[in-house]
Amino acid sequence: MSAPARPSGGRATSPGEDVAQRQEGSPVSAPARPPGGRATSRGEDVAKRQEGSPVSAPARPPEGRASSPGEDVAQRQEGSPVNAPAQRAGTLLIDAGNTRVKFGWRNDDATSGQAVPRTSLQVAFRHEEVPEALLPWLDEAGLRPRAALGSNVAGDDSERTIASLLARNGCAVDWIRAGRRLLGVTNGYRHPERLGADRWLSLVGIWNRWRRQAAPGAAAPVHVLAHFGTATTVDTLDGSGRFVGGLILPGRDLMRQSLAAGTAGLPRANGQVAPFPDNTGDAIMSGVAAAQAGAVARQWLAARERFRQEPLLVASGGAWSAIAGEVAHLMRAAGSTRQVLVVDNPVLDGLACLAESGLAPSS
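Count along the sequence shown starting at 1, add 55, and that's the number in the working numbering.
Take a look at the structure:
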């Protein structure tokens, strides 16, 4: 699975974005970011408010610039950066997808009252950007990973590159593979070890999100998780947390590309979704959206029939905003009364839950 397209250089997502976007059909939006695409440190806004304060202002150096607190001490150490952010210890969370690598963070001192046990700090890089971008991002964000947990569906080269970079900071990476059970989720795949790590950890993430927020004694709903990335996957968890199976199909962009590559007269379309398209671009985009939404509706209806209850539809991935309207239309036609729960990155959520649990990665 992959995640949405991003501005170059990586961006940080806004706090609570996944919860705030629960309205059916709502696209996941990104906040304005500082120049350069880097995440700001927690104390940066406070530090900026203090800049220029007349109270106890230090003597100005000869060039007329006010020195920062402790700068004279920092400058005595050769090569020491001035105003470096305070270092935060924690676990780096890694979701290496087909197109990009997403990184998240869990503080060592994180509290257990959150919907998911990780911070909102997050960034994504294309695979070719990682060697030059990862370590500077960690430095700028003031992050000192003592450990790293990762999901990888991008091949061995991606694992080696990331592991080699983090080894420079003395940090080892544990790459998680699918198993039979993890944090309340049971793997019902015929060959459990063949389930993709991203799908497995996403299921762990949404199941534990529900458990952390549920009232004591509440019955768990059936979950249908639809992820719209390079590939689209639609997976179902029953009310006991058992993964019962799912679909894999080409994602929105792959569908568009295949039509352009496999035909002589069809372009790579950028049209609009319409009930009765009257031009080629709209016809292609409407067909792609219908195929994506139809896969979701098929699994949702199958789950409702099998388990005799209305499933909770959970959506994630960069192409969700383009598919949301079509999905909403089909869900209403099918009799759904639940809102779609849109989550930012369930893979990182699952990794964060594993880090919080203290279990060995192979557990």
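From the three backbone atoms N, C-alpha and C, an ideal C-beta is built for every residue, glycine too.
Worksheet item: Under the three-state reduction of DSSP, which class applies to ALA312: helix, strand or coil?
Response: First, the amino acid is wrong: residue 312 is Gln here, not Ala. GLN312 carries a helical assignment under DSSP once its states are collapsed to helix, strand and coil.
Fill in: Helix, strand or coil at LEU414 [DSSP, three-state]
Looking at LEU414 - three-state DSSP - the assignment turns out to be coil, as it is neither helix nor strand.
Worksheet entry | First and last residue of the uninterrupted beta strand (DSSP E) at GLY159 | Taken as a continuous stretch (DSSP letters only), the beta strand (DSSP E) holding GLY159 covers 155-162.
Item to complete: Would you list the residues sitting across from ASP290 in a DSSP beta bridge?
Response: DSSP output for ASP290 lists LEU280, GLY301 as bridge partner(s).
Worksheet item: The beta strand (DSSP E) with ASP229 in it runs from where to where?
Response: Run containing ASP229: 228-230, per the beta strand (DSSP E) assignment.
Worksheet item: For TRP375, which residues of its own chain have a beta-carbon under 6 angstroms away from its beta-carbon, when the five flanking residues on both sides are left out?
Response: Around TRP375: PHE283.
Worksheet item: When we look at the beta-carbon of PHE331 and count the other beta-carbons within 10 Å, is it buried (16 or more) or exposed?
Response: Exposed, since its Cβ has fewer than 16 Cβ neighbours within 10 Å.
Worksheet item: With C-beta atoms as the reference, is ASN400 less than 8 angstroms away from ASP150?
Response: Taking 8 angstroms as the Cβ cut-off, ASN400 and ASP150 qualify as a contacting pair.
Worksheet item: Given that a residue counts as buried once 16 or more other Cβ atoms are within 10 Å of its Cβ, and exposed if not, what is ASN263?
Response: Answer is buried; the Cβ neighbour count reaches 16.
Discussion item. Going by DSSP, what residue range makes up the alpha helix (DSSP H) through ARG361?
Written reply: In the DSSP assignment, ARG361 falls within the alpha helix (DSSP H) that extends over 335-362.
Worksheet entry | Sequence-distant residues of the same chain with beta carbon closer than 6 angstroms to LEU147, five excluded per side | Spatial neighbours of LEU147 in its own chain (CB-CB distance under 6 angstroms, excluding positions within 5 residues in sequence) are listed in chain order as PRO200, ALA203.
Worksheet entry | For VAL328, the three-state DSSP class (helix, strand or coil) | DSSP, reduced to helix, strand and coil, places VAL328 outside both helices and strands of the structure shown, so it counts as coil.
Practice prompt. Take every Cβ of the segment 209-220, pair it with every Cβ of the segment 253-272, and state whether three or more of those distances are shorter than 8 angstroms.
Written response: Three or more beta-carbon pairs separated by less than 8 angstroms are not found between the segment 209-220 and the segment 253-272, which leaves the two stretches without contact.
Discussion item. Could you pull the DSSP bridge partners for GLY145 from this structure?
Written reply: In DSSP, GLY145 forms a bridge with ASN162, PRO200.
Fill in: Contact set for GLY326: own chain, Cβ-Cβ below 8 angstroms, skip 5 residues either direction
Within the same chain, GLY326 has close Cβ partners PRO332, ASN334, THR335, GLY336, ASP337, ALA338, ILE339, MET340, SER341.
Discussion item. Going by beta-carbon coordinates alone, are ILE303 and ALA286 separated by less than 8 angstroms?
Written reply: Yes, they are a contact pair.
Worksheet item: According to the neighbour-count rule (16 or more other Cβ atoms, all chains shown, within 10 Å of its Cβ), is GLY152 buried or exposed?
Response: It counts as buried.
Discussion item. Please state the DSSP three-state secondary structure of GLN50.
Written reply: This structure cannot speak to residue 50, because the chain is shown only from 56 to 418.
Worksheet item: The alpha helix (DSSP H) with SER376 in it runs from where to where?
Response: Where SER376 is concerned, the enclosing alpha helix (DSSP H) stretches over 375-388.
Worksheet item: Is DSSP giving THR216 helix, strand or coil here?
Response: Of the three classes helix, strand and coil, the one that applies to THR216 here is helix, per DSSP.
Worksheet item: So, helix, strand or coil for ALA273, using DSSP?
Response: DSSP, read as helix, strand or coil, puts ALA273 in coil.
Item to complete: Compute the Euclidean distance between the alpha carbons of ARG353 and ALA346, then round it to the nearest angstrom.
Response: If I take the Cα positions, the gap works out to 10 angstroms.
Fill in: Residue burial classification, SER295 (beta-carbon count within 10 angstroms, cutoff 16)
Looking at its Cβ environment, which holds fewer than 16 other Cβ atoms inside 10 Å, SER295 is exposed.
Discussion item. Which of the three DSSP states is assigned to GLY317 in this structure?
Written reply: Helix.
Discussion item. Buried or exposed, going by whether 16 or more other CB atoms sit within 10 Å of the CB of GLU381?
Written reply: Label assigned to GLU381: buried.
Item to complete: Put ARG235 into one of helix, strand or coil per three-state DSSP.
Response: It is coil, neither helix nor strand.
Practice prompt. Would you identify the three-state DSSP class for ALA371, choosing helix, strand or coil?
Written response: With the sequence shown as reference, residue 371 is identified as Ser, and Ala is not the correct amino acid for it. Correct three-state label for SER371: strand.
Fill in: Residues sharing a beta bridge with GLN177, DSSP
When beta bridges are read from the DSSP output, GLN177 appears opposite GLY159.
Worksheet item: Taking the continuous beta strand (DSSP E) assigned at VAL171, which residues delimit it?
Response: First-last for VAL171: undefined, no H or E at that position.
Item to complete: Using the DSSP secondary-structure output, state which residues sit across from VAL208 in a beta bridge.
Response: As far as DSSP is concerned, VAL208 takes part in no beta bridge.
Worksheet item: How many Å lie between PRO172 and LEU414 at the Cα?
Response: CA-to-CA, the gap between PRO172 and LEU414 works out to about 15 angstroms.
Worksheet item: Any idea which residues DSSP pairs ASP150 with across the strands?
Response: BP columns for ASP150 point to LYS157, SER206.
Worksheet entry | Between the CA atoms of SER313 and GLN177 - distance to the nearest angstrom | Whole-angstrom Cα-Cα distance: 31 angstroms.
Worksheet item: Given a threshold of 16 other Cβ atoms within 10 Å of its Cβ, counted over all protein chains shown, does GLU187 qualify as buried or as exposed?
Response: Only exposed fits GLU187, as fewer than 16 other CB atoms lie within 10 angstroms of its CB.
Discussion item. If distances are taken between C-alpha atoms only, which option among ASN242, GLN169, ARG143, VAL156 comes closest to ASP163?
Written reply: Of the candidates ASN242, GLN169, ARG143, VAL156, the residue whose Cα lies closest to the Cα of ASP163 is ARG143.
Discussion item. Any heavy atom of the ligand ZN inside 7 angstroms of the beta-carbon of PRO322?
Written reply: No copy of the ligand ZN occurs in the structure displayed, which carries no ligand at all.
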